Amino acid sequence: HQNSARSHYPLIKVSCAALPETLLEAELFGHEKGAFTGALRQRRGRFELAHRGTLFLDEIGEISPVVQVKLLRVLQERQFERVGGNDRIDVDVRLVCATQKDLRKEVSQGRFREDLFYRLNVVHVVIPPLRQRQDDIMIIAEHVLKTCSGKMNKTLKGFSSVSRELFLRYSFPGNVRELENMVERAVALGRDREAIQPSDLCGFQSCPYTGGAAQESCGFCSEGLTGQKREERPLTSLATAREQFEKDYILSVLERVDGSRTTGAKILGLSRKALWEKCKRYGISSNRTGPDVDDEGE
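Residue numbering for the sequence shown follows the working numbering, starting at 317 and increasing by one per position.
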């Protein structure tokens with residue numbers, strides 16, 4: 317919408333799944349005073365409010381046959397009447413719709429009008445699940461972080477390197493909504509002026525990121541350590557599993573000591589040289605753990 321010729325006009329959003337048929341009809345097309353019980357005054361609908369702009373109908377596959385007929389008429393004639401009214405109202409709206417349903421299947425089973433489907437299906441865009449769009453994960457997360465931080469009046473230093481890595485390895489079965497909720501929770505739990513840690517994303521007082529056990533009710537907590545659900549994890553050798561744990565644990569320790577390999581080596585019971593060799597082996601670079609003022613000459 318912002319990149320279109322209609323950007324100076326309204327962008328109106330409606331969730332079709334959130335309203336019953338009678339209310340959705342009035343929401344879309346408006347109503348006259350006395351059109352039904354509770355209609356105490358005239359009200360403009362979303363089509364009128366979106367005139368010359370964009371109307372986004374989310375979950376279009378949920379609308380009833382009655383609303384489908386009225387929607388088809390608006391698309392064909394660019395006119396409609398308010399509920400309880402007789403005057404025709406002209407409207408110029410670009411319609412954008414979204415659905416999780418297979419509308420072709422809905423058409424074949426008689427639940428969605430074929431003529432409406434073809435009216436809507438001008439430009440068809442399939443958005444893959446978030447787990448298949450890794451490049452989008454941190455972009456969305458940073459946007460939500462900025463928005464939520466402003467609402468909660470907090471100043472957070474972004475996401476820690478471990479949090480970022482776990483984000484990219486998590487499957488997000490709840491898609492973008494799960495990511496948004498996770499970041500909002502992390503902002504609420506995170507300490508002001510500090511980076512968001514994995515424990516903030518998990519949300520449980522006891523979790524693997526605070527030295528506790530994985531919480532089965534938290535997908536990020538139980539899945540995030542390996543990036544896969546338990547039933548989907550490939551079987552590997554003990555050596556491979558041990559290496560993965562070692563890499564994750566080294567990352568976690570270095571994150572907690574602000575990237576200092578000298579301090580990290582002491583905690584891990586390793587020499588600085590041994591830790592440096594393991595970091596090199598696992599591809600753990602200084603830009604992921606933070607600069608270490610003690611690492612000069614390595």
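Where a beta carbon is used, it is the ideal one built from N, C-alpha and C, also for glycine.
Predicted, not measured: the structure shown is a model, and the values here were computed from it.
Beta-bridge partners of residue i, as assigned by DSSP
{"i": "Cys-413", "result": "Leu-373"}
{"i": "Arg-359", "result": "His-347"}
{"i": "Lys-329", "result": "Phe-372"}
{"i": "Ile-405", "result": "Phe-396"}
{"i": "Ile-512", "result": "Phe-475"}
Residue i to residue j span [Cα, whole Å]
{"i": "Leu-356", "j": "Gly-350", "result": "6 Å"}
{"i": "Asp-431", "j": "Arg-420", "result": "11 Å"}
{"i": "Thr-542", "j": "Ile-566", "result": "Because Thr-542 sits at a pLDDT of 45, beneath the cut-off of 50, its placement in the model cannot be relied upon, and the point is left open."}
{"i": "His-440", "j": "Phe-433", "result": "11 Å"}
{"i": "Leu-472", "j": "Ala-590", "result": "34 Å"}
{"i": "Ser-553", "j": "Thr-579", "result": "31 Å"}
{"i": "Phe-352", "j": "Arg-493", "result": "35 Å"}
{"i": "Val-330", "j": "Val-385", "result": "18 Å"}
{"i": "Cys-595", "j": "Tyr-325", "result": "53 Å"}
{"i": "Gln-416", "j": "Glu-397", "result": "29 Å"}
{"i": "Val-569", "j": "Lys-467", "result": "32 Å"}
{"i": "Leu-373", "j": "Cys-332", "result": "6 Å"}
{"i": "Ser-320", "j": "Leu-327", "result": "11 Å"}
Under 8 Å between C-beta atoms of residue i and residue j
{"i": "Arg-480", "j": "Met-454", "result": "yes"}
{"i": "His-347", "j": "Arg-359", "result": "yes"}
{"i": "Cys-274", "j": "Val-412", "result": "This structure gives no information on residue 274, because the portion of the chain shown stretches from 317 to 614."}
{"i": "Asp-408", "j": "Arg-394", "result": "yes"}
{"i": "Ser-487", "j": "Arg-447", "result": "yes"}
{"i": "Val-399", "j": "Glu-341", "result": "yes"}
{"i": "Arg-322", "j": "Arg-410", "result": "yes"}
{"i": "Glu-496", "j": "Val-438", "result": "no"}
{"i": "Gly-474", "j": "Glu-422", "result": "no"}
For residue i, the nearest candidate out of the options (CA to CA)
{"i": "Ile-443", "options": "Ser-553, Glu-571, Ala-414 and Phe-428", "result": "Ala-414"}
{"i": "Asn-491", "options": "Glu-378, Val-399, Leu-339 and Pro-445", "result": "Pro-445"}
{"i": "Cys-518", "options": "Glu-510, Ser-587 and Arg-501", "result": "Arg-501"}
{"i": "Lys-470", "options": "Ala-511, Leu-495, Leu-391 and Val-438", "result": "Ala-511"}
{"i": "Arg-429", "options": "Gln-560, Leu-340, Leu-387 and Ser-568", "result": "Leu-387"}
{"i": "Glu-364", "options": "Gln-392, Asp-406, Gly-377 and Thr-338", "result": "Asp-406"}
{"i": "Ile-379", "options": "Arg-368, Asn-319, Arg-427 and Asp-418", "result": "Arg-427"}
{"i": "Gln-513", "options": "Arg-558, Val-573, Glu-559 and Thr-556", "result": "Val-573"}
Exposure of residue i, with buried meaning 16 or more beta-carbon neighbours within 10 Å
{"i": "Pro-489", "result": "exposed"}
{"i": "Glu-571", "result": "buried"}
{"i": "Ala-366", "result": "buried"}
{"i": "Ser-576", "result": "buried"}
{"i": "Gly-354", "result": "exposed"}
{"i": "Pro-336", "result": "exposed"}
{"i": "Val-382", "result": "exposed"}
{"i": "Phe-345", "result": "buried"}
{"i": "Phe-483", "result": "buried"}
{"i": "Thr-583", "result": "For clarity, residue 583 is Ile in the given sequence; the question names Thr instead. Exposed: under 16 other Cβ atoms inside 10 Å."}
{"i": "Thr-370", "result": "buried"}
{"i": "Phe-561", "result": "exposed"}
{"i": "Gly-599", "result": "exposed"}
{"i": "Ala-457", "result": "buried"}
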